[in-house]
Amino acid sequence: MALHSFSRRSFLSVGALTLFGRFRLGEALALRAAAPGSSPKPEDLSIILLWLAGGLSQFESWDPKPAAKEGYRSKFGSIPTNVSGIQVGELLPLSARHADKYTIIRSMTSQDAVHESAQAFMLSGHAPRSTLQFPSYGSVIAKELSPRNELPPYILTGGPVRKWEQAAFLGPKYNPFLADNPNKENYKVRDLDLPLGVDWARVDRRNSLLRLADRQFRRMDTVGIVDAMDTHHQTALTLIRSERAKRAFKIESEPEKLREKYGRTSLGQGCLLARRLVEEGVRFVSVRSGGWDHHFNLFNDISTKKLPELDRAFAALLEDLDDRGMLGTTMVIVGTEFGRTPEINVNDGRDHWPAAFSLVVAGGGVEGGRTLGATDQNCWEVVERPIHVPDFIATIYAKLGIDYHQMYQSNVGRPVRVIDEPFEAVQELLT
4 MALHSFSRRS FLSVGALTLF GRFRLGEALA LRAAAPGSSP KPEDLSIILL
54 WLAGGLSQFE SWDPKPAAKE GYRSKFGSIP TNVSGIQVGE LLPLSARHAD
104 KYTIIRSMTS QDAVHESAQA FMLSGHAPRS TLQFPSYGSV IAKELSPRNE
154 LPPYILTGGP VRKWEQAAFL GPKYNPFLAD NPNKENYKVR DLDLPLGVDW
204 ARVDRRNSLL RLADRQFRRM DTVGIVDAMD THHQTALTLI RSERAKRAFK
254 IESEPEKLRE KYGRTSLGQG CLLARRLVEE GVRFVSVRSG GWDHHFNLFN
304 DISTKKLPEL DRAFAALLED LDDRGMLGTT MVIVGTEFGR TPEINVNDGR
354 DHWPAAFSLV VAGGGVEGGR TLGATDQNCW EVVERPIHVP DFIATIYAKL
404 GIDYHQMYQS NVGRPVRVID EPFEAVQELL T
């Protein structure tokens, strides 16, 4: 690529490579996408999912309805963003300054109003069945796209891992690696250090003995228990040996000012850790935040805690990725399993409402500064450009170059589609 096609920042990054001998994979991918007008290649993309478990209220966040009738209208107003004509809830002032970087989908629609099955649907593209657990799209991404290095391709913060976030019949190799809560004091990730008093010679001897034992047990193992244990064992050994992994998880090396900017919360520090992991080559990071199921006391909790935490973390992540030249190759999704009812209940809360809810998508080549779809005045239903769950997940796969029409074989030999039909990728998010 000609030198003039790079920004000054990109040029300085190349200079750093020449002088000091290395730079992170995230920086390399940023250089590849730095030319004006260029689109990121599918193999260069990474995804950060901010998963708001419980059901984020669209009224108080991405689809405010100031003209809704009494009994539906939020106690909070709406505010303008840095894009003319787009407004968000007043509890998102920092995110409002970055609306030019994201698309708000206001027309997500589903039929599942049960937390567990709705999350399984949103994270797999399959309506749940009692007879079969489907793999999450994080696991499908881990399977379909080779790891870029020794780091796990699918990492999750805010554990423990739920069954709908796992690989199911794809096998334990594609389960998420749990990074726990990076906001903990003296945060430390398991599997990154040898036990006290154990050296590598001793580890290698134990590993040789373990392989011998495994060969014997495999003859009697009919359900893959040994394979599952071996996968976790090898992952642990690889991470312990990896200086890259130690560096990636060392969140305490970040400047204190930046850590405060993200917010000293599980969500905020999870977003900062996600940026570090993507910078080191991880393909998919899920940052889980619970507590969004507001049947009671919605307005107090969402204004004093939940939305300020999200606003701070999301805005800081977008700004940080953009400053580092990584936003073009990192898709950030703010997702939830369903929305909340238009009517405010007797407990000053809102109940489950899957018929019409909102998601946000930023970066990864997705055009910002726009809304997609619309709901009616009181948000009972979608009135423009309905987007179904399988459509959205097909879009993610399409962005990553994954064939979402292919078939898998389940653990009982049953053919299973990658996504439920019918579905169609959302073209507005692909261009």
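Per our numbering, the sequence shown starts with residue 4, numbered consecutively.
Note that beta-carbon positions come from the ideal geometry of N, C-alpha and C, so glycine has one too.
The model shown is predicted, which means the values in this text are computed figures rather than measured ones.
Per DSSP, Pro179 lies in no alpha helix (DSSP H) segment and is marked neither H nor E.
Between the beta-carbon of Phe395 and that of Val369 there is about 12 Å, and that puts the pair past the 8 Å contact cut. For Ile50, the uninterrupted beta strand (DSSP E) run begins and ends at 49-55, by DSSP. DSSP, read as helix, strand or coil, puts Ala358 in coil.
Under DSSP, the beta-bridge partners assigned to Phe287 are Ile50, Tyr157. By the neighbour-count criterion, in which 16 or more other beta carbons inside 10 Å mark a residue as buried, Lys260 falls on the exposed side. For Gln380, the CB contacts under 7 Å within the same chain, skipping 5 residues up- and downstream, are Lys68, Ala70, Ala71 in chain order. The alpha-carbon separation between Arg315 and Ser98 amounts to approximately 8 Å. Shown here for Met125: same chain residues with a beta carbon closer than 7 Å to its own, the five before and five after excluded, namely Gly338, Glu340, Val392 in chain order.
Below 8 Å, enough C-beta pairs join the region 395-412 and the region 40-55 to call them touching: three or more.
Distances from the CA of Ala123 to each of Glu431, Phe426, Glu427, Ile422 were compared; the closest alpha carbon is that of Ile422. Per DSSP, Met329 is not a residue of any alpha helix (DSSP H), being assigned neither H nor E. Taking a contact to require three or more Cβ pairs closer than 8 Å, the region 183-193 and the region 307-325 do not qualify as touching. Boundaries cannot be given for Arg100, as no alpha helix (DSSP H) includes it and DSSP labels it neither H nor E.
According to DSSP, Ile336 shares a beta bridge with Leu52, Val364. Between the region 48-58 and the region 286-304, the count of C-beta pairs closer than 8 Å reaches three or more; the two stretches touch. DSSP places Glu168 in no alpha helix (DSSP H); its state is neither H nor E.
For Ser110, the uninterrupted beta strand (DSSP E) segment begins and ends at 105-112. Gln136 counts as buried, since no fewer than 16 other beta carbons sit within 10 angstroms of its beta carbon.
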